[in-house]
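What follows is a set of notes on a single structure, which appears directly below.
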Amino acid sequence: MDPNEAAKRISHLREELEKHNYNYYVLNNPEIDDYAFDQLMAELIGLENEFPEFFDADSPTQRIGSDHNQEFKQVAHKYLMLSLSNTYTEEEVREFDQRVRKLTDENFEYVCELKFDGTSISLTYENGLLIRAVTRGDGEKGDDVTANVKTIKSIPLKLRGDYPAEFEIRGEVLLPFAVFEMLNREREEIGEQPFANPRNAASGTLKCQNSAVVASRKLDAYLYYVLGNNLPDDGHFELLRHASLWGFKVSEHTRKCRNIEEIFDFLREWNVRRKDLPVATDGVVIKINSSALQQELGFTAKSPRWAIAYKFKAERVSTTLNSISYQVGRTGAVTPVANLQPILLAGTVVKRATLHNADVIKGLDLHFGDVVFVEKGGEIIPKIVSADLTFRHPMSEAVRFIEHCPECNTLLIRQEGESAFYCPNETGCPPQIKGKLEHFITRKAMNIDGLGSETIELLFQNNLIRNIADLYELKISDLIYLERLGEKSATRILESLETSKTVPFERVLFALGIRYVGETVAKKLARELKTIDQIEKATIEELTGVEEIGSKIAESIINWFSNDQNKQLIGRLKNNGLCFELKTEQKAGQSEKLKGLSLIISGTFEKFSRDELKAFIELNGGKNVTSISAKTNYLVAGENIGPSKLEKAQKLKIPIISEDELLQLTN
Ligand code: IVH
């Protein structure tokens, strides 16, 4: 295809794909199926690779994010991001209405809208392009999370229709319930702490350093506030209508209300209907419609006088506390769970409630047999909020946290500054053993796909495995006679164990399940210290010298290696051929020459791809950043670099170098 033709096709595909994104993510009304969408996307990716001169940061292909760490630049908000004052009763809402009516003689309208329970975001558009996305931060300045926000499919990168040349729009980034539940299942599978609620998950995701992770999390966004100078209407409600025509996702449940009775109707209606929404809401926001009147009423120090939030009551019921169970996790942490007399709460039957830790039990002063109040608030798992003392039996026994492990009877310990009690019997406590085995086989660790948690249980029950090294000493004769395992599955298990021997060192290190050594820490440790022997020998100082490793992680690593059983484990795994050092190709070309330097890559290059250059920088100890700041040391510039980046680098006097000059830096 000649470049002219390619340019036309690329631009057509970009428009088509953006239209389909809009239909799917904003209107919930797809016109084509996923397969057809993927084909168009694949064609566009192919053409953009073939014709890098047509690179565009706003292309739908860029919504996949990048797996390079980014730093968040702090940006001052043009208009402060204030919060709303909260009300909890209809009476307080009536008082708000009376306050407003005292301040103005005008006839006015209200707008009632849902209060979305996510994390707020401010988007700036110039000439129809998303140029910046900033979190609320402290209200005066927030973090520039543009790269992450660009991965949210319901946020338009380019606007449609007749939009103002420059404006800001604010809204809420949310993780839909369905995605939240899936994400937490995945996190539990790989031994990571699940998020407490969709709000935490959304704000945590938005602050991820890796925008490819953000892209994979499927965030959504509803916009509810347009700000700027030359806006097309005075009314807030009308502006939201416009925003929806420009391509934004705006709640369809927003309603104009003329008086307090109409507001109450909205509150009562949504107190019930909100349970059917796919995203979390925690109340209703009541705003005066006219921007002119809003301006006249102005703000107090913290919030506008022209709006309030009415918070939904968390649903609460009372029931009896029957008993407490204690669950032991992979790391040995013991979590108390309350067993309740089953009761209907917010549409589901609740039998259990989390108590988190010993401090929570103490704080609630629980006694067995107590009548307790249970709430389902923002948290998905119900919690006990208090005991109803009027029903307490005078002879009832107070709940005391157990002292011994419910699984292996070992005395529990609690480290200073920690809220959880732990069972220290890492190698002999069944749920810890099984939990470690389950973590070891997961996709992000050794990826042993022939094995699942049920087979682990089966092998454990049959005394075939007690630790991860035992897995590699399994024989076909051990497996084929087991109930539910035929020759085919047995062979598959052994084959996938064999394949796992090629898993690179950093993943093996992560798979060992050392407390606090997650994926990123394992990667850093492997890159820096290169072999398991070096890690074992490392002192606290050497370990904390590695980027992102603090004393808590370092102590946990030292503690792990001080256990002779763990040393034996490593010895056996080594004998079985697992990879305990960085591969030579990872080591080759590695240096520390760029250590402490932040570099930014921009444009297209002749000899290497951008990803190759980024990998080169990391391999030599440098850091890839995605936005220029005074802290950036070099801008590596290729062809077609954006003029604004170039200008900014020149303004901040950041040296601009070519790809050859980058290579020379490490000579
Ligand atoms: S309006 C000046 N509308 O609630 C007030 N806020 O405490 C601008 N929120 O930080 C906010 N849904 O994150 C507004 N429909 C809605 C909202 C909403 C959720 C959040 C927002 C804000 C907080 C206010």
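Sequential numbering of the sequence shown, starting at 735, is according to our numbering. Think of the CB as a built atom: it goes at the ideal place given N, C-alpha and C, for glycine as much as any other residue.
CB of THR1400 within 8 Å of CB of LEU1328, strictly: Within the sequence shown, residue 1400 is the residue found at index 666, counting from 1. Within the sequence shown, residue 1328 is the residue found at index 594, counting from 1. Yes, they are a contact pair.
Excluding sequence positions up to five away, which residues of its chain have a Cβ less than 7 Å from the Cβ of GLY1066? By one-based count along the sequence shown, residue 1066 stands at place 332. Excluding positions up to five away in sequence, the list reads TYR1156, CYS1157, PRO1158, GLU1160, CYS1163 and GLN1166.
On a Cα-Cα basis, can you pick out the residue from ASN1309, ARG833, ASN755 and ILE1388 that is closest to PRO1038? As a first step, residue 1038 must be located in the sequence shown, where it is residue number 304. Among ASN1309, ARG833, ASN755 and ILE1388, the Cα nearest to that of PRO1038 belongs to ARG833.
Reduced DSSP category for ASP878 - H, G, I as helix; E, B as strand; rest coil: Residue 878 sits at position 144 when you count from the first residue of the sequence shown. Note: ASP878 maps to strand in three-state DSSP.
CB-CB under 6 Å to VAL1242, same chain, minus the five flanking residues each way: which ones, in chain order? Sequence index remark: in the sequence shown, residue 1242 carries index 508 (1-based). Answer for VAL1242: LEU1312 and CYS1313, listed in chain order.
The beta strand (DSSP E) spanning ALA1072 covers which residue range? Your numbering for residue 1072 matches position 338 in the sequence shown. Judged by DSSP secondary structure, ALA1072 falls within the beta strand (DSSP E) whose first and last residues are 1067-1079.
If I follow the unbroken beta strand (DSSP E) through VAL1133, where does it start and stop? Taking the sequence shown and counting its residues from 1, the one referred to as residue 1133 is at position 399. Judged by DSSP secondary structure, VAL1133 falls outside any beta strand (DSSP E); it is assigned neither H nor E.
Note down, in chain order, each residue of its chain lying with its Cβ closer than 7 Å to the Cβ of LEU1205, except the 5 sequence neighbours on either side. The count along the sequence shown starts at 1 and reaches residue 1205 at position 471. Correct list, in chain order: ILE1199 and LEU1231.
What residue from ALA1043, ASN757 and PHE785 has the CA that sits closest to GLU739's CA? If you number the sequence shown from 1, residue 739 lands on position 5. Nearest option by C-alpha distance: PHE785.
Using C-beta distances below 8 Å, list every residue in its chain close to LEU973, excluding the 5 sequence neighbours before and after it, in chain order. The count along the sequence shown starts at 1 and reaches residue 973 at position 239. Cβ neighbours of LEU973 beyond the five flanking positions: VAL960, LEU965, PRO966, ASP967 and SER1025.
Does the distance from the CB of LEU863 to the CB of LYS892 come in under 8 Å? Here residue 863 is taken as the residue at index 129 of the sequence shown, counted from 1. Here residue 892 is taken as the residue at index 158 of the sequence shown, counted from 1. Cβ atoms of LEU863 and LYS892: closer than 8 Å.
Consult DSSP for HIS1101 and reduce its assignment to one of helix, strand or coil. By one-based count along the sequence shown, residue 1101 stands at place 367. Three-state DSSP puts HIS1101 in a strand.
Exposed or buried, what is ALA1383 when buried is set at 16 or more other beta-carbons lying within 10 Å of its beta-carbon? Locating residue 1383 in the sequence shown gives position 649, counting from the first residue. Label assigned to ALA1383: buried.
Whole-angstrom Cβ separation of LYS1168 and PHE1194, contact assumed at under 8 Å? Against the sequence shown, residue 1168 aligns to sequence position 434. Against the sequence shown, residue 1194 aligns to sequence position 460. Approximately 6 Å separates the beta-carbon atoms of LYS1168 and PHE1194; this is inside 8 Å, confirming the contact.
Which same chain residues end up closer than 6 Å to VAL1237 when comparing Cβ atoms and leaving out the 5 residues on each side of it in sequence? Mapped onto the sequence shown, residue 1237 falls at position 503. For VAL1237, same chain residues with a beta-carbon under 6 Å away, outside a window of 5 residues either side, are MET1180 in chain order.
If contact is defined by three or more beta carbon pairs under 8 Å, each pair taking one atom from either stretch, is the segment 929-936 in contact with the segment 903-911? Enough Cβ pairs lie closer than 8 Å, so yes.
When every heavy atom of the ligand IVH is checked, does at least one fall within less than 7 Å of the C-beta of PRO737? Position 3 of the sequence shown, counted from the first residue, corresponds to residue 737. No, the ligand IVH has no heavy atom inside 7 Å of this Cβ.
Is any heavy atom of the ligand IVH found at a distance shorter than 7 Å from the C-beta of PHE850? Locating residue 850 in the sequence shown gives position 116, counting from the first residue. Yes.
For ASP1099, count the other beta carbons within 10 Å of its own beta carbon; 16 or more makes it buried, fewer makes it exposed. Which is it? Counting from 1 along the sequence shown, the entry for residue 1099 is found at position 365. Around the C-beta of ASP1099, fewer than 16 other C-beta atoms lie within 10 Å, and the residue is accordingly described as exposed.
Which residue or residues does DSSP assign as beta-bridge partners of GLU1315? For the purposes of this step, residue 1315 is identified with residue 581 of the sequence shown, where counting begins at 1. As computed with DSSP, GLU1315 is found in a beta bridge with THR1265.
According to DSSP, is TYR897 helix, strand or coil? Along the sequence shown, read from residue 1 onward, the residue named residue 897 stands at position 163. DSSP places TYR897 in coil when its eight states are reduced to three.
Using the Cα positions of PHE788 and LYS742, report the straight-line distance between them to the nearest angstrom. To locate residue 788, count along the sequence shown from 1; it is residue 54. To locate residue 742, count along the sequence shown from 1; it is residue 8. Distance between the alpha carbons of PHE788 and LYS742: 10 Å.
Tell me, please, whether the segment 1336-1345 touches the segment 1263-1274 by the rule of three or more beta-carbon pairs shorter than 8 Å. No: fewer than three Cβ pairs fall under 8 Å.
In chain order, what residues of the same chain lie with their CB nearer than 8 Å to the CB of THR1366, ignoring the 5 residues before and after it? Counting from one through the sequence shown, the residue named residue 1366 turns up at place 632. The beta carbon of THR1366 sits closer than 8 Å to those of SER1332, LEU1333, ILE1334, VAL1359, ALA1383, LEU1386 and ILE1388, all from its chain and outside the five residues before and after it, given in chain order.
Compare the Cα-Cα distances from GLU782 to each of SER745, LYS1209, LEU1219 and ASN931 and report the closest residue. As a first step, residue 782 must be located in the sequence shown, where it is residue number 48. Each of SER745, LYS1209, LEU1219 and ASN931 was checked against the Cα of GLU782, and the nearest Cα belongs to SER745.
Work out the CA separation of ARG989 and GLU752 for me, nearest whole Å. Translated into positions along the sequence shown, residue 752 becomes position 18. Translated into positions along the sequence shown, residue 989 becomes position 255. Straight through space, the alpha carbons of ARG989 and GLU752 are spaced by roughly 29 Å.
For THR838, tell me which candidate among LEU1027, LYS1301 and ALA1371 has the shortest Cα-Cα distance. For the purposes of this step, residue 838 is identified with residue 104 of the sequence shown, where counting begins at 1. Cα-wise, what sits closest to THR838 is LEU1027.
DSSP three-state call for ARG743: helix, strand or coil? For the purposes of this step, residue 743 is taken as the residue at position 9 of the sequence shown. DSSP places ARG743 within a helical segment (H, G or I) once states are collapsed to three.
Cβ neighbour criterion (16 or more within 10 Å) applied to GLU847: Walking along the sequence shown from the start, residue 847 turns up at place 113. Here GLU847 is buried: its Cβ has 16 or more other Cβ atoms, across all protein chains shown, within 10 Å.
Of all the options LEU761, ASP790 and ASN755, which has the alpha carbon lying nearest to the alpha carbon of LEU774? To locate residue 774, count along the sequence shown from 1; it is residue 40. The shortest Cα separation from LEU774 among LEU761, ASP790 and ASN755 belongs to ASN755.
Within the continuous beta strand (DSSP E) that includes THR1124, where are the two ends? Along the sequence shown, read from residue 1 onward, the residue named residue 1124 stands at position 390. Counted as a single uninterrupted DSSP element, the stretch harbouring THR1124 is not any beta strand (DSSP E), since DSSP gives it neither H nor E.
Backbone CA spacing between GLN808 and THR869 [nearest angstrom]: Working through the sequence shown from its first residue, we reach residue 808 at position 74. Working through the sequence shown from its first residue, we reach residue 869 at position 135. Rounded to the nearest whole angstrom, the CA to CA distance from GLN808 to THR869 is 9 Å.
If I'm right that GLU1240 touches ALA1256 with Cβ under 8 Å, what's the distance once you round it to whole angstroms? What you label residue 1240 is simply residue 506 of the sequence shown in a count that begins at 1. What you label residue 1256 is simply residue 522 of the sequence shown in a count that begins at 1. About 5 Å separates the two Cβ atoms, so the contact holds.
Alpha helix (DSSP H) segment containing VAL947, residue limits: Residue numbering aside, residue 947 sits at position 213 when the sequence shown is read from its first letter. That run of the alpha helix (DSSP H) goes 945-950.
Could you compute how far the alpha carbon of THR821 sits from the alpha carbon of LYS1045? Your numbering for residue 821 matches position 87 in the sequence shown. Your numbering for residue 1045 matches position 311 in the sequence shown. Spanning the two alpha carbons is a distance of roughly 6 Å.
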